[in-house]
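Peer 1: Number 130 in the working numbering belongs to position 39 of the sequence shown; there are no gaps in the numbering. Glycine is no exception: its CB is placed at the ideal position from the N, C-alpha and C atoms.
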Amino acid sequence: MGVQEDPTDDRLAVTPPKTWATGVPAVTHALRYSLSQTSPRRTMLTLLTINQVEGVDCPGCAWPEPEPGKRHMNEYCENGAKHINDEATSRRVRPEFFRQYTVEELGRKSDYWLNQQGRLTEPMVKRPGSDHYAPIGWEEALSLMARELRELDSPDEALFYTSGRLGNEAAFLLQLFARAYGTNNLPDCSNMCHESSGAALNETLGIGKGTVSLDDLHNADLVFVVGQNPGTNHPRMLSALEKTKRNGGSVVAVNTLPEAGLMRFKHPQRPRGVLGRGTVIADQFLHIRAGGDLALFQALNLLLLQAEDENPGTVLDHDFIREHSTGFEAFAEHARKTSWDDVLVATGLTREEIEQVHERVLKARSVIVCWAMGVTQHKHGVATIREMVNFLMLRGNLARSGAGVCPVRGHSNVQGDRTMGVWERMPQSFLDALEREFGFTSPKKHGYDSVDAIRAMRDGKAKFFLGVAGNFVRAAPDSEVTEQAMRRCRLTAHISTKLNRSHTVCGETALILPTLGRSDRDVQAGGEQFVTVEDSMSMVHASRGRLAPASDGLLSEVAIISRLARRTLGDSPAIPWEEFEADYGTVRDRISRVVPGFEDFNERVSRPGGFLLPNPVNDLTFRTSTGKAVFTCNDFEMLRPPAGHLVLQSLRSHDQWNTIPYAMDDRYRGIHNGRRVVMVNPEDMASLGLADLQTVDLVSVWHDGTERRAEGFRVVPYPTSRGSAAAYYPETNVLVPLDSVADISNCPTSKGIVVRLEPAAADRA
Ligand SMILES: Nc1nc2c(c(=O)[nH]1)N[C@H]1C(S)=C(S)[C@@H](COP(=O)(O)OP(=O)(O)OC[C@H]3O[C@@H](n4cnc5c(=O)[nH]c(N)nc54)[C@H](O)[C@@H]3O)O[C@H]1N2
Ligand SMILES: Nc1nc2c(c(=O)[nH]1)N[C@H]1C(S)=C(S)[C@@H](COP(=O)(O)OP(=O)(O)OC[C@H]3O[C@@H](n4cnc5c(=O)[nH]c(N)nc54)[C@H](O)[C@@H]3O)O[C@H]1N2
Ligand code: SF4
Ligand SMILES: [Mo]
């Protein structure tokens, strides 16, 4: 792709991975990054209000806050501090900047460099034939987009991508606009993230969300953390797990890597945490092979059925199974066929290890399973989650204290955006409510998800792309195909806070629409506004920015969407866009009438800490076709790379937010000054004839015989499980074939890329 690498890459240094997370170094690192971005005053202002009752919701992950009154003065983690100060940066990208660089030149800059230029300040346009972005007024920019939208042959030629940074109000308006315009094409980052969780949970439990609260986690007897790296990606989850441990619970971690945060945690806000040895997090660590989790849970389920055979009536929760579930008999028959030979090959674990976990399960009165991308981004991710649900249901680990499912969400409001209707396949009941409230006929045909959106652009079926709050080009798989697809559009536009690579991959006409961030004060005609978000445990609460906006030229996301909608659809009393823009409370009034669980939204969200959305599963209500929870039969599957190949996972370093690296380091994993590295088990290195720090190309192979190449990665010996390797996202997205997706959910298989490591050309010579 010819992206320029960061100069630090050739100073790569590797030290042993850390065996514990957070503590004093973390705080120092956060402050260092924050102060490199902005003034001490702005840093303190953001840090004092982050995650506080009257403050701003951390724009990082979706981990929930404790109840008001139980919050620490510093209710944030190292990475939260970095995320918010990356946004609060004092650096600015002004029109001069775009005069200085052509779009092509910007396209060769790294993700890191682009982000470091600072906050966007004014709307910019790249017109057909030009190779520069130039300033454009808001009116003209939005009219230009509206004209393009009106001229499309069909509304389905337009795509509206969002990422979970967007607040509820803007998300609701975006989906309203898309549907009033005539399309369900609402691809989002969730399609590449927890889509497998939604698919599995909707099918088995009737709702695609987690069922547990923070208190459940604190009080669980046993918590599984599967395919998740909380030390980096959900750091405050470690405080919760520390509580679980102090309350006598235990933790089983399942991962292809011995992640620092899973091993030991030192609480940064407690003297004991700073000085002591910290808390051991995982009582048992399962160093599983890539994609082995389905087999693991199948084995655990077999052991539970056999234990029940040996001591009838003592192991399974027969009441739950009889009263509240369907499909048990078929499931049990299928599960009894599980082969230990298969399980041991797929997991790389010993039978003793799995039996030890089984013993823990038998002793635990309440069990929670948490998971993230190490599960969802695999070909059989949906089957794995269904099997985890089987596992919990066998012992009735649902709808009681300390038990349940816990998909740990990524973006701070990714769950809320879905609740607001940002989904290409919202249920009919939602569309009906929307139609009733606003008096238009919503399209019924499902829209494109993220992968199908790329196919549609590639095939000339979609011509207009609006991206809100994300970096689609870098987040999506098969980077070269995605870039070519975007370039075929008539118009690409992005509502963004900061510069990223998506702005450099342009349709015939391209627009950058700069917007307020979470931390910015938002004043509209109706006075100062706040927005609302929903966390991973379904708490809905307000978020208020306090900083002076990055520039006078910014509009809020709500304002941009409302104005675009008005220009495209015209004024209509049924959808008062102007009123929505002036006062977000009026949007919340509409939400309260359309979205179940949001009755009296404005009143309830004004309470400190907000309110909890009901999860019917916790009342033993299952909105499945039978009204019961569903046991499923999942065929055994494992990843089978050909000889000489490894399964590569593309993951996050400690110093990045999704597609944006903040630094070239990955502190806990001991990797410094370089991101083009591939972590390989030393025994695999020996059998593949690879030397420490040797430079290789990563070549992914796909069924249709095509190959994809990412050049110049240094081999780092690392305790990955045998047969699996790891490298960073988004540098490796070029390797994920567009068609390599999870069954049912269509989620790209970012954790299951079959690769061979080829000595780089210079080394071969
Ligand atoms: N600092 C920071 N925080 C973030 C983000 C960020 O980029 N930076 N991103 C946010 C977002 S959007 C998301 S979705 C979450 C992601 O949170 P995570 O899911 O924790 O993110 P990844 O880095 O993708 O890590 C996946 C984990 O799964 C493990 N894994 C990989 N394959 C397998 C497997 O086959 N089996 C098992 N058992 N484990 C496996 C990896 O070793 C790794 O520990 O984080 C959110 N929080
Ligand atoms: N290979 C591989 N690919 C993956 C993954 C993986 O693990 N491996 N993970 C997937 C996952 S889990 C996810 S969630 C996606 C993430 O994909 P995205 O959510 O699309 O990507 P981000 O990097 O979070 O987007 C960063 C950009 O968001 C904009 N932004 C930040 N804050 C705001 C705001 O408040 N408002 C607006 N309007 N814009 C803002 C900034 O301009 C910034 O450049 O990537 C997916 N892709
Ligand atoms: S755990 Fe997540 S939400 Fe909480 S402060 Fe850290 S990044 Fe922000
Ligand atoms: Mo995500």
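1. Which runs of the alpha helix (DSSP H) at least 4 residues long sit entirely within the stretch 383-427? Give them in chain order.
2. How would you label Asp508, buried or exposed, when you count the other beta carbons within 10 angstroms and need 16 or more for buried?
3. Output needed for Ile445: all residues of its chain with C-beta closer than 6 Å, excluding positions within five of it in sequence on either side, in chain order.
4. Would you tell me roughly how many angstroms separate the C-alpha atoms of Ala455 and Ser492, rounded to the nearest one?
5. Touching or not, the stretch 609-623 and the stretch 221-232, by the rule of three or more beta carbon pairs under 8 Å?
6. Rounded to whole angstroms, how far is the Cβ of Thr438 from the Cβ of Ile379, which I believe are closer than 8 Å?
7. Using the three-state DSSP reduction, which class does Leu277 fall into: helix, strand or coil?
8. Can you determine whether any heavy atom of ligand 2 sits closer than 7 Å to the C-beta of Val768, and answer yes or no?
9. I'd like the list of long-range same chain contacts for Leu136, defined as Cβ closer than 7 Å, with 5 residues on each side in sequence excluded.
10. Less than 8 Å between the C-beta atoms of Ala833 and Thr823, yes or no?
11. Taking the C-alpha atoms as reference points, what is the distance between Arg185 and Thr606?
12. Determine the direct distance from the alpha carbon of Gly301 to that of Gly735, and round the result to whole angstroms.
13. Near Tyr224, which residues of its chain fall below 7 Å by C-beta distance, leaving aside the five closest residues on each side in sequence?
14. Which residues in the same chain as Phe149 place their Cβ atom closer than 8 Å to its Cβ, once the five residues preceding and following it in sequence are excluded?
15. Tell me the residue span of the alpha helix (DSSP H) that contains Leu240.
16. Please report the residue range of the beta strand (DSSP E) in which Asp788 lies.
17. With DSSP collapsed to three states, give me the class of Pro839.
18. If you follow the beta strand (DSSP E) that Gly369 is in, where does it begin and where does it stop?
19. Give the secondary structure of Leu557 by DSSP, where H, G and I count as helix, E and B as strand, and everything else as coil.
20. How long is the line joining the alpha carbons of Val365 and Leu264, rounded to whole angstroms?
21. Short check: CB of Leu296 to CB of Val499, under 8 Å?
22. Just checking Cys149 against ligand 3 - is the residue's beta carbon closer than 7 Å to any of the ligand's heavy atoms?
23. By DSSP's criteria, His502 is part of a beta bridge. Which residues make up the other side?
24. For Phe376, which residues from the same chain have a beta carbon less than 6 Å from its beta carbon, with the 5 sequence-adjacent residues on both sides left out?
25. Whose beta carbon lies closer than 6 Å to any heavy atom of ligand 4, going through the chain in order?
26. Apart from the five residues just before and just after Pro107, which ones in its own chain have a Cβ nearer than 8 Å to its Cβ?
27. For a quick check, are the C-beta atoms of Pro578 and Cys597 less than 8 Å apart?
28. Grab me the residues of Gly688's own chain with a C-beta within less than 7 Å of its C-beta, minus the 5 sequence neighbours each way, in chain order.
29. If we ignore side chains and look at the alpha-carbon of each, how far apart do Pro810 and Arg731 end up?
30. Please name the residue or residues paired with Asn346 in a DSSP beta bridge.
31. Considering only residues of the same chain and omitting the five flanking positions on each side of Trp748, which have a CB-CB separation below 6 Å?
32. In the DSSP assignment, find the alpha helix (DSSP H) that holds Phe188 and state where it starts and stops.
33. Can you tell me which residues form a DSSP beta bridge with His632?
34. Let me know the secondary structure DSSP gives His174 once reduced to three states.
35. Bridge partners for Trp462 per DSSP, in chain order?
Peer 2: This is what the structure gives:
1. 384-401, 409-415, 419-426
2. buried
3. Ala390
4. 12 Å
5. no
6. 5 Å
7. coil
8. no
9. Arg637, Leu638
10. no
11. 14 Å
12. 39 Å
13. Phe189, Val194, Met215, Val216, Lys217, Ile603
14. Contrary to the premise, residue 149 reads as Cys rather than Phe in this sequence. Here the set comprises Ile141, Asn142, Tyr167, Gly171, His174, Ile175, Ser503.
15. 229-242
16. 786-792
17. strand
18. First-last for Gly369: undefined, no H or E at that position.
19. strand
20. Because the pLDDT of Val365 is 48, which lies under 50, any placement of that residue in the model is unreliable, and the number read from its coordinates should be weighed accordingly. Roughly 45 Å between the two C-alpha positions.
21. no
22. yes
23. Cys152
24. Ala344
25. Cys280, Cys284, Gly501, His502
26. Gly761
27. Per the sequence shown, the amino acid found at residue 578 is Arg instead of Pro. Yes, the Cβ-Cβ distance between Arg578 and Cys597 is below 8 Å.
28. Leu704, Pro705
29. 20 Å
30. His378
31. His174
32. 186-191
33. Val624
34. helix
35. Val317, Pro498
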